[in-house]
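Scroll down for the structure; my scribbles are underneath it.
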Amino acid sequence: ESGNQYIHIPIETVLDGVEYSANPEKQKELTKRIDAGFAGIGIAKYSGYSTQRREPGYDTNNSSIDFVNLEHPTPGYQNE
Numbered sequence: 711e712s713g714n715q716y717i718h719i720p721i722e723t724v725l726d727g728v729e730y731s732a733n734p735e736k737q738k739e740l741t742k743r744i745d746a747g748f749a750g751i752g753i754a755k756y757s758g759y760s761t762q763r764r765e766p767g768y769d770t771n772n773s774s775i776d777f778v779n780l781e782h783p784t785p786g787y788q789n790e
């Protein structure tokens, strides 16, 4: 088979969704019921910046609010 294939996931089974984009004008792929914003707005690829959740478990269903940008990379770092 060729082309895109999709699996339907019932929305009530989704715990959290995060959509990443440097461009806030990009078309959303997740429904606003799961995530109304984007994490990483303004961070260019390979810039050395990173993004992390404001606080562990912080979830407003809007990644633009839930995440902050950091001016340094954080590979493997866990916010505790």
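Numbers in the working numbering are just positions in the sequence shown, counted from 1, shifted up by 710. The beta-carbon is built from N, C-alpha and C at its ideal position, and this holds for glycine as well.
Just verifying my parser: in three-state terms, what is the DSSP assignment at residue i?
| i | result |
| --- | --- |
| Thr761 | strand |
| Thr723 | helix |
For residue i, count neighbouring Cβ atoms within 10 angstroms of its own Cβ and tell me buried if that reaches 16, exposed if not.
| i | result |
| --- | --- |
| Ser712 | exposed |
| Gly752 | exposed |
| Gly747 | buried |
| Ala754 | exposed |
What residue from the options has the CA that sits closest to residue i's CA?
| i | options | result |
| --- | --- | --- |
| Tyr787 | Thr723, Tyr716, Pro766 and Val724 | Pro766 |
Does the structure place the region 731–744 close enough to the region 758–765 that three or more beta carbon pairs sit under 8 angstroms? Touching, no, given that fewer than three Cβ pairs across the two stretches are closer than 8 angstroms.
So within the region 725–780, which uninterrupted beta strand (DSSP E) runs reach at least 3 residues, ignoring any that extend past its ends? If you keep only unbroken beta strand (DSSP E) runs of at least 3 residues inside the region 725–780, you get 760–763 and 777–780.
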